[in-house]
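*Asks:*
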Amino acid sequence: MNADQQTFLRDAMRRLNLTREAFSQRIGVTRRALDTWLLPEGSSEARGMPEIVQRFVSEILQAASATEETQSVQAGALRDRILFEGRPQLLSVDQFSRESVEALFRVADIMQPIARRQKVSRVLEGAVLGNLFFEASTRTRVSFGAAFCRLGGSVCDTTGFTFSSMAKGESIYDTSRVMSGYVDALVVRHPEQGSVAEFARATNIPVINGGDGAGEHPSQALLDLYTIQREFSRLGRIVDGAHVAFVGDLKYGRTVHSLVKLLSLYRGLKFTLIAPAGLELPAHLADRISRNGHVVVQTASLAEGLSGADVVYATRIQKERFEPKEQEQFEGYTPDFQVHQALIDAHCSPRTLVMHPLPRDSRPGANDLSTDLNHDPRLAIFRQTDNGIPVRMALFAVLLGVEDQVPRSMRDAGWRPPAAIGPDDAAFDALEA
Ligand code: NCD
63 MNADQQTFLR DAMRRLNLTR EAFSQRIGVT RRALDTWLLP EGSSEARGMP
113 EIVQRFVSEI LQAASATEET QSVQAGALRD RILFEGRPQL LSVDQFSRES
163 VEALFRVADI MQPIARRQKV SRVLEGAVLG NLFFEASTRT RVSFGAAFCR
213 LGGSVCDTTG FTFSSMAKGE SIYDTSRVMS GYVDALVVRH PEQGSVAEFA
263 RATNIPVING GDGAGEHPSQ ALLDLYTIQR EFSRLGRIVD GAHVAFVGDL
313 KYGRTVHSLV KLLSLYRGLK FTLIAPAGLE LPAHLADRIS RNGHVVVQTA
363 SLAEGLSGAD VVYATRIQKE RFEPKEQEQF EGYTPDFQVH QALIDAHCSP
413 RTLVMHPLPR DSRPGANDLS TDLNHDPRLA IFRQTDNGIP VRMALFAVLL
463 GVEDQVPRSM RDAGWRPPAA IGPDDAAFDA LEA
């Protein structure tokens, strides 16, 4: 019961967007009582929640769902609220409002039992996904493919220019139109900014931007924000008012570009941007954050920038995108920008989340996000990658208009996955003593 009780309460706080303090007031209990119900199983202070409280919280949630439902009926289907130039496609996080992001996350929550291999669904049976990746990828390509398969569809992949007809001079327009005759949705990654939009304009089927050069990576930013929300709900806090520190190559890091825009939809955040000279966040993005009423601090000092951060979002240096003169300039700068255990211990709290879109360079001397944090529960990188599945399932379900069919389509899975996916997975409770 205890683990269920914690999940129930955390999900309720997240759904209602209430901090732990505000939630305890809303349900009329003391903060102390709520804290004891949220303590991990086995803790001597942990208490069972009275059933009457559970019923009251359920009623509040039902009322909230009814309001959300009325609002979404009034606002129309989610697919129609996030169109790109009139089509159900995802090119940029600019297509989202705070309300539509939250609506997408509710669909992702519905997908969780499937993503966790407890349930199966075949709502996309017969549908085929085309994965067109013209740039290196492991997690984006495979997780989009796995998400589509877990909804019952199948996947055709092509990787790199060498094995595609683009090597013979075929245009984006022709490739996109041809592929659209074969498949029902496309995920495209391409090294040139704006090129995925060109693919999208040449077809009426759903196209998702899996990363366009230094442009955007909307699905990664969505899963990052979903992760932040879920992790914060463990801590009884909300995204509004959070302090997020971005570290590394903020100039070329497309996941950062998409995530700062999404976070800007929330209220009263502090963004600390820690980048070496020459790799700062593009000015139009920093201006946009400030215009939306958030605080922006730019610094080249990790120690200074990380102090008090609720989230540290580290990134890889995108050397492959560097201009030739940048290649020389930035060779060997990375040691100053390595996020490692001693640094996090010295400047961050036990409640700080450490994130990275991955891949990180784990070779000796690489100075990316350090592997010495691997056993630290604050390291959320694999919880991020795990969350990629429900979020990408939600995107497919919404863009293909099947999200309402998912709940009644679920059956029990016929096999049992391991209880914890990774041998080193640590629970992140960070509950204050
Ligand atoms: C990132 C990407 O490709 O933009 N990775 C990802 O998709 N999770 C980041 C990177 O390559 O460094």
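Each position in the sequence shown, counted from 1, maps to that position plus 62 in my numbering.
Ideal Cβ positions, reconstructed from N, Cα and C, are used throughout, including at glycine.
#1: Cα separation between G256 and L368?
#2: May I ask which residues mark the beginning and end of the beta strand (DSSP E) holding Y375?
#3: Let me check understanding here. Comparing Cα to Cα, which of V401, G310, E385, Q391 lies closest to T361?
#4: Please name the residue in S471, I443, I406, Q400 whose C-alpha comes closest to that of P421.
#5: Please return the same chain residues whose Cβ sits closer than 6 Å to the Cβ of R478, not counting the five positions on each side in sequence.
#6: Counting only the same chain and skipping the five closest in sequence on each side, list residues whose C-beta sits under 7 Å from that of T92.
#7: If you draw a straight line from the C-alpha of G484 to the C-alpha of E232, how long is it?
#8: Cα separation between V554 and M173?
#9: Whose CA, out of K332, L287, G315, lies closest to the CA of G303?
#10: State yes or no: is the C-beta of D423 within less than 8 Å of the C-beta of D430?
#11: Let me know if T69 comes out buried or exposed under the rule of 16 or more other beta-carbons within 10 Å of its beta-carbon.
#12: Can you name, in chain order, every residue of its own chain whose Cβ lies under 6 Å from the Cβ of H252, other than the five neighbours on each side?
#13: In chain order, which continuous runs of the beta strand (DSSP E) of length 3 or greater are located wholly inside the stretch 237–274?
#14: Helix, strand or coil for D219 per DSSP?
#15: Only counting the same chain, and skipping five residues up and downstream in sequence, which positions put a Cβ closer than 6 Å to that of T202?
#16: Span of the alpha helix (DSSP H) holding Q360?
#17: Alpha carbon to alpha carbon, how far is R143 from I406? Give it in angstroms, no decimals.
*Replies:* Result, derived from the coordinates:
#1: 33 Å
#2: 373–376
#3: G310
#4: I443
#5: none
#6: S86
#7: 43 Å
#8: Only positions 63 to 495 of the chain appear in the structure, and residue 554 is not among them; the question remains open.
#9: K332
#10: yes
#11: exposed
#12: F196, V258, D274
#13: 247–252, 269–274
#14: strand
#15: G272
#16: Run containing Q360: none in the alpha helix (DSSP H); it sits in the beta strand (DSSP E), 357–361.
#17: 40 Å
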